[in-house]
Amino acid sequence: MIRFQRVSKIYPDGTKAVHNLNFTIEKGEFFVLIGPSGSGKTTTLKMINRLIDLSEGTIFIQGKKASDYDIHELRWNIGYVLQQIALFPHMTIAENIAIVPELKKWKQEKIKKRIDELLEMVGLDPATYRDRKPHELSGGQQQRIGVIRALAANPDIILMDEPFSALDPISREKLQDDILTLQRQINKTIVFVTHDMHEALKLGDRICVMQHAEVVQIDAPEQLIQHPVNAFVKNFVRSGNGHYEHECIEDLLAWMKPAAAEAKTVSSHTTIQEALALLADEDAVAVEKDGEIVGTMTRQVLVKYLASRIGERQFQ
Ligand code: ADP
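Pasting the structure below:
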């Protein structure tokens with residue numbers, strides 16, 4: 109879907125922002141770029157929609173070089189959400205959402221329908237919100253509009269640059285949940301920049317860890333936790349995270365899904381470390397305690413639990 113081939117960027121002042129990126133983001137994937145400030149995440153993201161030119165290499169989007177697309181066609185077909193909510197203050201919510209559909213010359217009827225559909229998708233009543241101005245919405249609601257505006261013209265790809273980092277923890281959790289639900293419904297390819305590991309583990313199908321302008325590791329959350337390639341990734345992912353080889357999944361009973369028959373059954377004394385290894389192959393295992401199945405442990409629950417242990421640690 110999006111392929112980076114030997115991509116580097118050197119800014120005119122000589123700063124090497126990214127060096128030799130080689131990876132492919134699959135269609136429908138939630139791909140998270142994470143790393144310390146200045147590691148090259150935003151530069152990587154903005155090269156996809158050509159807000160920043162490459163110095164070397166090629167980016168392919170759906171098999172075609174990004175540089176060969178008509179720039180408008182490219183930008184209109186790639187949604188973009190920024191940290192700073194960039195709604196136009198004098199336009200209504202509906203007008204803000206309609207910008208790209210208008211540029212694409214959609215029929216008014218279709219635009220109106222789309223606006224209502226999107227507002228409903230993020231739990232905002234269209235009749236109440238469509239004619240309001242941005243300042244009549246809370247920060248979290250405005251950011252929600254920022255997200256649906258990026259979806260308005262149905263782009264295949266959505267780029268998100270720390271879209272939730274300016275929000276309070278509750279709005280942030282809520283929007284993370286929303287975006288996960290949306291992703292499942294609409295199956296878009298999302299490239300998401302964050303420096304918050306908790307967020308990355310919660311959202312990413314795969315996480316790309318960057319450091320000093322280079323990719324250090326690209327893996328699924330459970331792989332990153334279980335098999336960090338070096339001390340940097342290990343410390344980042346695990347710090348404050350306890351000892352998985354000693355703790356057993358019995359402590360996670362409250363997190364588990366209801367008891368159900370699964371292909372594999374494990375004891376509640378299985379360590380978290382062992383459970384992680386098992387759940388790399390199985391989506392879910394039944395958990396047995398004193399001869400009874402007491403719950404179902406899924407990969408998602410385990411990763412969520414581990415993410416909660418990390419908390420909102422920011423590694424700068
Ligand atoms: P991140 O998103 O991980 O914080 P960036 O991609 O923004 O990292 O920046 C990577 C490096 O490139 C940093 O050293 C940053 O200072 C530098 N940089 C970013 N934009 C420019 C620019 N326009 N001119 C020169 N250097 C830049």
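Each step along the sequence shown adds one to the number in the numbering used here, with nothing skipped, and position 266 is 374.
Glycine included, every Cβ here is placed at the ideal spot set by N, Cα and C.
Just so we're clear, the structure is a prediction, and the values are computed from it rather than from any experiment.
Short check: CB of residue i to CB of residue j, under 9 Å?
| i | j | result |
| --- | --- | --- |
| L267 | L153 | yes |
| F139 | G312 | yes |
| V324 | F340 | yes |
| L259 | K296 | yes |
| G231 | A274 | no |
| Q170 | D264 | yes |
| E134 | M109 | yes |
| L288 | V255 | no |
| V374 | E396 | yes |
| L227 | I205 | yes |
| V126 | T166 | no |
| H303 | G143 | yes |
Do you know whose CA, among the options, lies nearest residue i's CA?
| i | options | result |
| --- | --- | --- |
| D285 | R407, E244 and L309 | L309 |
| F112 | N157, I401, Q291 and G136 | N157 |
| L384 | N343, V402, A362 and H335 | H335 |
| P197 | I223, E244 and I167 | E244 |
| K372 | I380, L387, D359 and T289 | L387 |
| Y188 | R222, N262, S145 and P277 | N262 |
| L141 | I298, D276 and T236 | I298 |
| I160 | E134, S279 and I118 | I118 |
| V411 | K220, R314 and G165 | R314 |
| D359 | V126, S376 and K124 | S376 |
| R257 | V345, H127 and I186 | I186 |
| I391 | D398, R407 and G403 | Per the sequence shown, residue 391 should be read as Asp rather than Ile. It is R407. |
| D233 | I278, V409, I253 and K218 | I253 |
| E281 | I294, D269, R292 and H306 | H306 |
| D389 | N343, Y413 and A328 | A328 |
| E124 | N343, E217 and E164 | The question names Glu, yet the displayed sequence has Lys at residue 124. That would be E164, whose Cα lies nearest to the Cα of K124. |
| K213 | K173, T236 and W184 | W184 |
| K241 | R222, I326 and E203 | E203 |
| P366 | V409, F344 and S279 | V409 |
| P120 | L162, Y413 and E137 | L162 |
| L129 | Y413, I326, D176 and E181 | I326 |
| Y413 | C316, E370, K342 and E330 | E330 |
| E137 | H180, D224, C316 and A174 | C316 |
Since I believe residue j is in contact with residue i (beta carbons under 8 Å), could you give me their beta-carbon distance rounded to a whole number of angstroms?
| i | j | result |
| --- | --- | --- |
| T378 | I357 | 5 Å |
| M405 | M364 | 6 Å |
| A394 | A415 | About 23 Å; that fails the 8 Å criterion. |
| K149 | V301 | 5 Å |
| Q250 | L195 | 6 Å |
| S145 | A321 | With a Cβ gap of about 13 Å, S145 and A321 do not count as contacting. |
| Q191 | P271 | 6 Å |
| V201 | P209 | Sequence inspection shows Ile at residue 201; the Val mentioned does not correspond to that position. Their Cβ separation, rounded to whole angstroms, is 14 Å, which puts I201 and P209 out of contact at 8 Å. |
| M229 | L290 | 7 Å |
| G403 | L361 | 6 Å |
In this structure, what does DSSP give as the bridge partners for residue i?
| i | result |
| --- | --- |
| Y188 | L267 |
| R111 | T132 and F168 |
| R314 | F139 |
| G122 | For G122, which the question treats as bridged, DSSP gives no partner whatsoever. |
| V374 | V395 |
| K365 | T404 |
| F300 | V140 and M268 |
| E322 | Q319 |
| K117 | V126 |
| K173 | F168 |
| T150 | Answer by DSSP bridge pairing: none, since T150 is not bridged. |
| D327 | I315 |
Between residue i and chain D, is any beta-carbon pair separated by less than 9 Å?
| i | result |
| --- | --- |
| I133 | In the structure shown, chain D does not exist; there is a single protein chain. |
How would the residue list near ligand 1 read, in chain order, if you kept each one whose beta-carbon is closer than 6 Å to any heavy atom? Those residues are Y119, D121, T123, A125, G143, S145, G146, S147, G148, K149, T150 and T151, given in chain order.
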